[in-house]
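Sequential numbering from 241 applies to the sequence shown in this note's numbering.
All residues carry an ideal CB built from backbone N, CA and C; glycine is no exception.
Because the structure is a prediction, the values reported are computed rather than measured.
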Amino acid sequence: EAESVLLRALEVIGSKERKDWVPLAQRLLQHPSDSVRVAAVRSLAQVGDGADLEGRLYDVSPGVRGHAAFWVAERAG
C-alpha cells in the first residue's frame, strides 16, 4: 500500500495483453492519494478501460479531474 510502490506498479503493469490487473487499478481510483488516483486513471485509459473515467470527473482533486477530462476527451476523439 505504499504510495511509491503503487505508483511504480501502475507505471509498469499496464498491458493490453493482460487484464488481470484492471480490477486492482479500478480499486485504486478510490485511493486517498491524488497521485495514485491520477496514475490509476492514466493506466486504465491507456489500455482502453475507460468505464470508470467519467466518474473521476467529479473527484475532489482538481488534478484527478483534469486527467480524467483529458482521457475522456481523448477517447471521444
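Short of 8 Å from the beta carbon of Val304, and not among the five residues preceding or following it, lie these beta carbons of its own chain, in chain order: Asp274, Arg277, Val278, Val281 and Arg296. Excluding its 5 nearest sequence neighbours in each direction, Gly290 has C-beta neighbours in its own chain below 8 Å: Leu284, Trp311, Val312 and Arg315, listed in chain order. DSSP places Ala242 outside both helix and strand once states are collapsed to three, so it counts as coil.
The Cβ atoms of Ala309 and Asp299 lie no closer than 8 Å to each other. Taking a C-beta distance under 8 Å as the contact criterion, Gly254 and Gln286 qualify as a contact pair. One Cα belongs to Val252, the other to Trp261, and the distance between them is close to 11 Å. Counting only runs of 4 or more residues that sit fully inside the stretch 264-305, the alpha helix (DSSP H) segments are 274-286, in chain order.
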